[in-house]
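Asks: Quick mapping for you: the protein sequence lines, in order, are chains A and B. Each residue of the first sequence is one higher than the one before, starting from 1 at the first, in our numbering. Each residue of the second sequence is one higher than the one before, starting from 1001 at the first, in our numbering. Quick reminder that beta carbons are idealized off the backbone N, C-alpha and C, glycines included.
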Amino acid sequence: DAGVIQSPRHEVTEMGQEVTLRCKPISGHDYLFWYRQTMMRGLELLIYFNNNVPIDDSGMPEDRFSAKMPNASFSTLKIQPSEPRDSAVYFCASSLVGLAGGRDYEQYFGPGTRLTVT
Amino acid sequence: AQSVAQPEDQVNVAEGNPLTVKCTYSVSGNPYLFWYVQYPNRGLQFLLKYITGDNLVKGSYGFEAEFNKSQTSFHLKKPSALVSDSALYFCAVRARRLASNTGKLIFGQGTTLQVKP
Chain A
1 DAGVIQSPRH EVTEMGQEVT LRCKPISGHD YLFWYRQTMM RGLELLIYFN
51 NNVPIDDSGM PEDRFSAKMP NASFSTLKIQ PSEPRDSAVY FCASSLVGLA
101 GGRDYEQYFG PGTRLTVT
Chain B
1001 AQSVAQPEDQ VNVAEGNPLT VKCTYSVSGN PYLFWYVQYP NRGLQFLLKY
1051 ITGDNLVKGS YGFEAEFNKS QTSFHLKKPS ALVSDSALYF CAVRARRLAS
1101 NTGKLIFGQG TTLQVKP
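(1) DSSP state of B:Gly-965, grouped into three classes?
(2) In three-state DSSP terms, what is B:Ser-1084?
(3) Please list, in chain order, the residues of the region 21-32 of chain A that have any C-beta partner in chain B closer than 9 Å.
(4) Do three or more CB pairs link the region 37-53 of chain A to the region 1007-1023 of chain B at distances below 8 Å?
(5) Mind listing the chain A neighbours of B:Gly-1110? Cutoff is C-beta to C-beta under 8 Å, in chain order.
(6) What did DSSP end up calling A:Asp-86 once you bin it into helix, strand or coil?
(7) Are there 16 or more other CB atoms within 10 angstroms of the CB of B:Gly-1043, so buried, or fewer, so exposed?
(8) Can you check whether the C-beta of B:Phe-1063 is within less than 8 Å of a C-beta belonging to chain A?
(9) DSSP on A:Pro-54, reduced to helix/strand/coil?
(10) Run the CB neighbour count on A:Ser-95, radius 10 Å, all protein chains shown included, and call it buried at 16 or more, exposed below.
(11) Within a Cβ cutoff of 8 Å, which residues of the same chain sit near B:Lys-1058, ignoring the five residues on either side of it in sequence?
(12) For A:Asp-30, is the classification buried or exposed, using 16 other Cβ atoms within 10 angstroms of its Cβ as the cut-off for buried?
(13) B:Leu-1044 CB to nearest chain A CB: under 8 Å?
(14) Can you name the residues of chain B whose CB is closer than 7 Å to the CB of A:Phe-74?
(15) Tell me whether A:Thr-13 sits in a helix, a strand or coil according to DSSP, three-state version.
(16) Compare the beta carbon distance of A:Cys-23 and A:Gly-110 with 8 Å and say whether it is the shorter of the two.
(17) When the Cβ atoms of the region 68-77 of chain A are set against those of the region 7-15 of chain A, are three or more pairs found closer than 8 Å?
(18) Give me the chain B residues within the contact set of A:Ser-95, using Cβ-Cβ distance strictly less than 9 Å, ordered along the chain.
(19) For A:Gln-107, which residues in chain B fall below 7 Å Cβ to Cβ?
(20) Leaving out five residues before and five after A:Thr-118 in sequence, what residues of the same chain have Cβ atoms less than 6 Å from its Cβ?
(21) Alpha carbon to alpha carbon, how far is A:Arg-85 from A:Gly-16? Give it in angstroms, no decimals.
In structure tokens, the structure reads:
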């Protein structure tokens, strides 16, 4: 299994530009999570999906951030327009919970996308 | 409200000595508890979990953790630290709900472990 795949690994962009981060979860997993990590705020949950449906987006900082999951094998996190304070490492994670529970629950993280907005 | 606390920002130990990284939690009901490790420029890696059963859980790389319900703690331990154990460690909790499974984890702020030769 290739694990969770994220692209790009590094992104440098100018303020005001649109940024799109991509994630491919582990096949068969029914949950997908987007996190952001910074030195100041630590690890923050931005949004998560269950069976491609957004469940909780209360961590999304503002309307400039949006996330989609058009199918079980792909998700995007978009920032438009980007700002310097968005600079962070963005992680995608997936897990298998299942309808009846009792499954793994642990989340498997991708390698992250390091975003730098100048 | 559900929360996880890691009271130490950094733990320093000498190689070969035992190590403990502390974690306390606050959730309603019986929790599911996890430990993750993050090496520099990498994603978080799962180490071990407690769901039910034996309070002492063994995980990867020789780590173990002890669930203590009365103290609401889940401390990570290793009998003999290695320099290669130096990393950032996260404790996490998920509340068990019979009616629904959120899958969401609440993470602590992380503890940096430094193992010196």
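Replies: Quick answer:
(1) Shown here, chain B extends from 1001 to 1117; a query on residue 965 of chain B therefore has no answer.
(2) helix
(3) Asp-30, Tyr-31
(4) no
(5) Gly-42, Leu-43
(6) helix
(7) buried
(8) no
(9) strand
(10) buried
(11) Leu-1048, Glu-1064
(12) buried
(13) yes
(14) Those within 7 Å of A:Phe-74 in chain B number zero; the least Cβ separation is about 18 Å.
(15) strand
(16) yes
(17) no
(18) Gly-1103, Leu-1105
(19) Leu-1105
(20) Glu-14
(21) 12 Å
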